[in-house]
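**Student:**
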Amino acid sequence: MDVHPIEDFRQRGIPVTINTDNRTVSNTTMTKEVQKVMEQFNLSQDDYMHIYRNSVKAAFTDEATKSQLLAN
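For the sequence shown, this note's numbering begins at 55 and goes up steadily by one.
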């Protein structure tokens with residue numbers, strides 16, 4: 055993960071999301087993945103919230119669900 059271009063993407067305004075891919079194969083959780091990324095790239099809570107909003111906007115769900123997730 056040391057060579058992941060997350061900072062370059064963020065500086066260029068390219069949306070970044072954190073995902074688990076296939077939890078049953080990789081034996082991970084969203085909590086673990088978020089924690090790894092936040093620690094590895096020294097992200098703040100504000101950084102995470104920006105990434106979270108990107109994730110909701112990109113989610114394969116209806117607009118009502120997205121609005122609900124963004125309101126919380």
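Note that CB positions come from ideal geometry on N, CA and C, so glycine has one too.
Note that the structure is a prediction, hence the values are computed from the model and not measured.
1. Checking 8 Å against the spacing of the C-beta atoms, do Thr-74 and Met-84 come in under that value?
2. Between Ala-112 and Pro-69, is the Cβ-Cβ spacing less than 8 Å?
3. What does a CB cutoff of less than 6 Å around Glu-87 pick up in its chain, not counting 5 residues either side in sequence?
4. Please state the DSSP three-state secondary structure of Phe-63.
**Tutor:** Straight from the coordinates:
1. Residue 74 sits at position 20 when you count from the first residue of the sequence shown. Residue 84 sits at position 30 when you count from the first residue of the sequence shown. Met-84 sits close to Thr-74, with the two beta carbons spaced by under 8 Å.
2. Working through the sequence shown from its first residue, we reach residue 112 at position 58. Working through the sequence shown from its first residue, we reach residue 69 at position 15. Yes, the Cβ-Cβ distance between Ala-112 and Pro-69 is below 8 Å.
3. For the purposes of this step, residue 87 is identified with residue 33 of the sequence shown, where counting begins at 1. Once the five neighbours on either side are set aside, the close Cβ partners of Glu-87 are Ile-72 and Thr-74.
4. Counting from 1 along the sequence shown, the entry for residue 63 is found at position 9. Helix at Phe-63.
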